[in-house]
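Since the structure comes first, as structure tokens, the remarks are kept for the end.
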Amino acid sequence: MVIEEWHNFVKTKNINILDRILSEEVVFYSPAVHTPQVGKQITKKYLLTAAEVLFKENFKYVSEVKGNEIAICEFECNIDEIYINGIDIIIWNGSNQITSFKVMVRPLKGLMILKEKMANILSK
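Structure, rendered in structure tokens:
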């Protein structure tokens, strides 16, 4: 199932997993970017950057709700001692490829530090 593959990516940061599970037309909804990002390459870029910033030893999913082709995964972590709590809403198709990946983050201070760290990496 797609969501198990996603969790495997979170643990390993293996880019080959993203190549397998992202649809060519996937839409990425960032908590900090005002327009949806459309396509596999741009989504992969955002997810790899998020992996670099977020997926450290203190990142963990704390709850998950799954449907037939959707999962809502709540996460927690700290960046520079700032608490971050958020959800990933992941939707996939019958071909087991993600078609929509939406991230929501709170509190505002957490979103701001996440945005700053990701922008620094993306600008390189």
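For what it's worth, our numbering labels the leading residue of the sequence shown as 283, then goes sequentially. Glycine residues also receive a C-beta, built at the ideal position from the N, C-alpha and C atoms.
Based on the DSSP secondary-structure assignment, which residues constitute the bridge partners of residue i?
{"i": "M283", "result": "Paired residues: none, contrary to the question."}
{"i": "K384", "result": "Y311, I371"}
{"i": "L304", "result": "I380"}
Please return the same chain residues whose Cβ sits closer than 8 angstroms to the Cβ of residue i, not counting the five positions on each side in sequence.
{"i": "I352", "result": "I371, I372, I373, W374"}
If I measure Cβ to Cβ from residue i and keep anything under 6 angstroms in the same chain, skipping five residues before and after, which residues do I get?
{"i": "M400", "result": "T331, V335"}
{"i": "N340", "result": "C359, N360"}
Can residue i and residue j be called in contact, C-beta distance under 8 angstroms?
{"i": "F291", "j": "L300", "result": "yes"}
{"i": "E363", "j": "K342", "result": "no"}
{"i": "S382", "j": "V308", "result": "yes"}
{"i": "V284", "j": "I380", "result": "yes"}
Leaving out five residues before and five after residue i in sequence, what residues of the same chain have Cβ atoms less than 7 angstroms from its Cβ?
{"i": "K326", "result": "L300, L304"}
{"i": "V387", "result": "P313, I366, G368, L393, L396"}
**Report entry** Given 8 angstroms, three or more beta-carbon pairs between the region 310–322 and the region 388–398
**Finding:** yes
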